[in-house]
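Read top to bottom, the protein sequences are chains H and Y. Residue 82 in our numbering sits at position 82 of the first sequence, with consecutive numbering throughout. Residue 1100 in our numbering sits at position 100 of the second sequence, with consecutive numbering throughout. Ideal Cβ placement from N, Cα and C applies to all residues, glycine included. One structure below.
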Amino acid sequence: MAILETRELNKWFGGLHVTSGVNFSLKQGEIHCLIGPNGAGKSTLFRLILGEHLPTSGQIVYEGVDITKAKSFERIRKGISVKFQVPGIFKALSVRQNLQIALQHHRRPEDLDEEIDRLLEFLKLTEARAQLAGNLSHGQKQWLEIGMAVGLKPRLLLLDEPTAGMTPDETAATGEMVQALNRDGVTVLAVEHDMAFVRQIAHKVTVLHFGKIFAQGTIDEIVADERVAAIYLGDAHA
Amino acid sequence: MLRPNPLSRAIALLEGPQTQGRGTPFWASFAVVVAIACAYPLFADGYDVGNNVYFFNWTFMALGLSLIWGYGGTLSFGQTAFFGVAGYSYGVISINLGDAYGLTLFALFASVAAAALFAALLGYFLFFGRISGVFLGIVTLSVTLVLERFMAQTAGPEWRVGLARLNGYNGMGSMPSLTVPWFGGDIVLFPDVQLYYFTLALLVVSYLGLRILVNSRFGNVLVAIRENPQRAEMLGYDIRVYQLVTFVIGSAFAGLSGVLYTSWGNYITPASMNMTAAALPIVWVAVGGRSDLTTTLIGTLVVLAGFQALTIHGSQYALVVMGVLLVLTVLIAPRGLIFGLGTFLAKCFHHKTTAGRE
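Shown next as structure tokens:
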């Protein structure tokens, strides 16, 4: 069953057709990676799903409900959560307070402290809980934001380049986190450039090019597809 | 596990990551300061007591701005607009209703409510129209200046509401002072001592109430919006509602200042909403340390006292000094001079106690 579908989704910025008739379906329970060269329209598709941009035409359906015109915070309340490319954390607040703000709306007050402690341990941030979030290492900031996104108990988690700027060890640990969340039933849609990471986590891969779906399949099928290799080298046009 | 007693539970509500000062030393100092403030009229003359009431009057507006700007991250130049709306409303209502039966207290509540309503209306268009940053500052400043211009042209006899003449640039006067109905005769809060205690009590209640608010779950979301509005929204919070509620509460505090000021001096003029008046709250709050209620309060009282002393001795130079003070704050201690001093002292104290243990 599809948890998320886009139907004939189009987005124009002035004369630029950034998202072009995208019919995309995301199965419940899968980890799906979106890849594509720079300017392929990956981030725009993300922003359309999040409600940061409204589509010029087309429809977005989440769990069978049309959310095309819903406000961003309404989509989040329906069970969608996001981790941005640049860590979207509250830098001047402590790590613990960052998580508290994410969790307080969804937990009973008596459960809050325990839940935060559990999440801190999962994120390997127990030692750093009293630090200001702005003083964390880049990788820790990324984890903290994943923690904030996960703290909402989402059914669909959107990750925009979750491993950008991470060391190989941090990338591998992030992959394990994503897989652990997926085992708990969270569907994941990730935009990613790091092919090793995509290989580690993805059940299915979609290649976007010039705002259109160019190819879809498993990572092995995508890697074997010569047309995909060509667009990354700049030889093909959709 | 021991159950905390009611006092420690109450103190726990007043403390949190959003406010400086916690634990027994802070609250003991707080009690001492309040005790000294209560004892002050016993050894000061009437003029000085009245002058302190004048200082206290402005602190509500500053606390409100600290909430909107320091905690919520929205720079509003409109505090003086709400100050003026409430001040004029108090004049109109109290002149028409008189001061019997505690009706001036009704006028106080109604005028603060009028300021809050005006803030709700303006804030709705600002926040639901997604106006933020410098544009919000420009719109709020414009509203203040438009109100000033409007009130300045109400000199003619046709500009009256019932018995109350608006009087244009000369301002509205002769409204009654706040009066509390009491057994055996009303207490008129005009003699300075009574008004002093009334204003002091309001100030203590407002300060503690705001401390509870900013350390609550609401306060958590508020600082989250200040730090990163996009992230706050992507945690499922309708940030427009939080911003609007904050704006209304902060503006209502400016309204309270307006009523107290009008009642204290029995007059209000359009000049209370002019460019200078609109800029001064920004200076008080920035110099003290806008992101903390305590530093805002101390900073406002210190700057007001300094400003008055300078005005007496140096006339218009006082305003230039205010400008210099703002620039220095931005350059030396962007989080506020009092805030910086507090942090410095806390560090020294912490360093000493750690050194003592080693």
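In this structure, the CA atom of Asp66 (chain H) is about 18 Å from the CA atom of Leu157 (chain H).
One alpha carbon belongs to Leu1301 (chain Y), the other to Phe1056 (chain Y), and they sit about 8 Å apart.
Within chain Y, no residue has its beta carbon less than 9 Å from that of Ile31 (chain H); the closest one is some 21 Å off. Around the beta-carbon of Arg108 (chain H), fewer than 16 other beta-carbon atoms lie within 10 Å, marking it exposed. Ser1174 (chain Y) counts as exposed, since fewer than 16 other C-beta atoms from the protein chains shown sit within 10 angstroms of its C-beta. Between the beta-carbon of Leu1331 (chain Y) and that of Val1283 (chain Y) there is about 14 Å, and that puts the pair past the 8 Å contact cut. Exposure of Ser57 (chain H) is indicated by the presence of fewer than 16 other C-beta atoms within 10 angstroms of its C-beta. Under the DSSP assignment, His1313 (chain Y) falls in the alpha helix (DSSP H) whose first and last residues are Leu1293 to Gly1314.
Going by C-alpha positions, Phe1106 (chain Y) is about 42 Å away from Met1234 (chain Y). When the Cα atoms are used, Lys69 (chain H) and Phe1128 (chain Y) turn out to be separated by approximately 16 Å.
Under the three-state reduction of DSSP output, Gln1230 (chain Y) falls in the helix class.
The stretch 1027–1064 of chain Y contains no complete alpha helix (DSSP H) run of 4 or more residues. If you draw a straight line from the Cα of Ser1089 (chain Y) to the Cα of Gly1162 (chain Y), it is about 12 Å long. Apart from the 5 residues on each side of it in sequence, Tyr1101 (chain Y) sits with its Cβ closer than 8 Å to the Cβ of Pro1181 in its chain, given in chain order. In the DSSP assignment, Leu1145 (chain Y) falls within the alpha helix (DSSP H) that extends over Val1134 to Ala1152. In this structure the stretch 31–48 of chain H lies against the stretch 199–216 of chain H, because at least three pairs of beta carbons, one per stretch, are closer than 8 Å.
Using beta-carbon distances, Glu1233 (chain Y) counts as an interface residue toward chain H, with a partner under 8 Å.
By the Cβ neighbour-count rule, Phe1150 (chain Y) is exposed, with fewer than 16 other Cβ atoms within 10 Å of its own. By the CB criterion at 8 Å, Lys42 (chain H) and Pro162 (chain H) fall outside the cutoff. Shortest Cα-Cα distance from Gln1079 (chain Y) to any of Y:Asn1274, Y:Gly1288, Y:Thr1104 and Y:Leu1195 involves Y:Asn1274. No Cβ of chain Y is located within less than 8 Å of the beta carbon of Ile49 (chain H).
Here His1313 (chain Y) is exposed, its C-beta having fewer than 16 other C-beta atoms within 10 Å. Ranked by how close their Cα comes to the Cα of Leu1244 (chain Y), the residues Y:Arg1231, Y:Val1221 and Y:Tyr1261 have Y:Val1221 in first place. C-alpha of Lys91 (chain H) to C-alpha of Asn98 (chain H): approximately 9 Å in a straight line. Neighbours of Val82 (chain H) in chain Y, taken as residues at a C-beta separation under 8 Å, are given in chain order as Met1234. Of the residues Y:Leu1178, Y:Phe1082 and Y:Ser1206, the one whose Cα lies closest to the Cα of Asp1099 (chain Y) is Y:Leu1178. Burial check for Ser1008 (chain Y): the Cβ neighbour count within 10 Å stays below 16, so the residue is exposed. Taking the beta carbon of Arg1217 (chain Y) as reference, the chain H residues within 7 Å of it are Gln104, listed in sequence order. Distance from the CA of Arg77 (chain H) to the CA of Val1320 (chain Y), rounded to the nearest whole angstrom, comes to 51 Å.
Relative to Arg1335 (chain Y), the option among Y:Arg1290, Y:Ile1249 and Y:Ala1309 whose CA is nearest is Y:Arg1290.
Taking Gly21 (chain H) as reference, the option from H:Asp184, H:Asn10 and H:Pro55 with the minimal CA-CA separation is H:Asn10.
Nearest neighbour of Phe1198 (chain Y) by Cα position, chosen from Y:Leu1260, Y:Leu1210 and Y:Leu1341, turns out to be Y:Leu1260. In the DSSP secondary-structure assignment, Val205 (chain H) is bridged to H:Cys33 and H:Gly217. The C-beta separation of Gly1091 (chain Y) from Thr1262 (chain Y) comes to about 6 Å, placing the pair in contact by the 8 Å criterion. Residues of the same chain with a CB within less than 6 Å of the CB of Gln216 (chain H), apart from the 5 flanking positions on each side, are Thr206 in chain order. Per DSSP, Lys71 (chain H) lies in no beta strand (DSSP E) and is assigned neither H nor E.
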